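Chemist:
Numbering (the working numbering), first residue to last: 14 to 83.
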C-alpha cells in the first residue's frame, strides 16, 4: 500500500480528472505511476543499447538472407 501526500490543488484536479474518466482517483494515480515506470524502463533500455549497440541489418540484408528478392 502506498500513501501519497499531494498539494490540495493537485488532489482536487486528480478528483476532477478521475470523475471525467469514470475512474477512481486511485486508478488514475495507479495508471500514471505504471506509465512513468514503463517510460523509465524504456529510457534505461535505450541508453544501454546506445552504449552497447548490437549488430544491425539492412532491409536488403534481411531479404537476401531469407531469399526474398522476388
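Idealized CB from N, CA, C, for every residue including glycine.
Computed from a predicted model, the values in this text were never measured in an experiment.
So, with DSSP's three-state summary, where would you put residue 56?
Modeler: Taking the chain shown and counting its residues from 1, the one referred to as residue 56 is at position 43. Residue 56: helix per DSSP, three-state reduction.
Chemist: Can you give me the start and stop residues for the alpha helix (DSSP H) that residue 23 sits inside?
Modeler: Here residue 23 refers to the residue found at position 10 when the chain shown is read from its first residue. Its alpha helix (DSSP H) spans residues 21-34.
Chemist: Which stretch, first to last residue, makes up the alpha helix (DSSP H) that contains residue 79?
Modeler: For the purposes of this step, residue 79 is identified with residue 66 of the chain shown, where counting begins at 1. Element bounds for residue 79: n/a, residue is neither H nor E.
Chemist: In angstroms, rounded to a whole number, what distance separates the CA positions of residue 48 and residue 67?
Modeler: Reading the chain shown from its first residue, position 35 is the one you call residue 48. Reading the chain shown from its first residue, position 54 is the one you call residue 67. So the two alpha carbons sit approximately 27 Å from each other.
Chemist: Beta-carbon separation of residue 20 and residue 31 under 8 Å?
Modeler: The sequence position of residue 20 within the chain shown is 7, counting from 1. The sequence position of residue 31 within the chain shown is 18, counting from 1. It is not a contact, given that the beta carbons lie outside the stated cut-off.
Chemist: DSSP state of residue 62, grouped into three classes?
Modeler: Indexing the chain shown from 1 puts residue 62 at position 49. If DSSP states are grouped into helix, strand and coil, residue 62 belongs with the helices.
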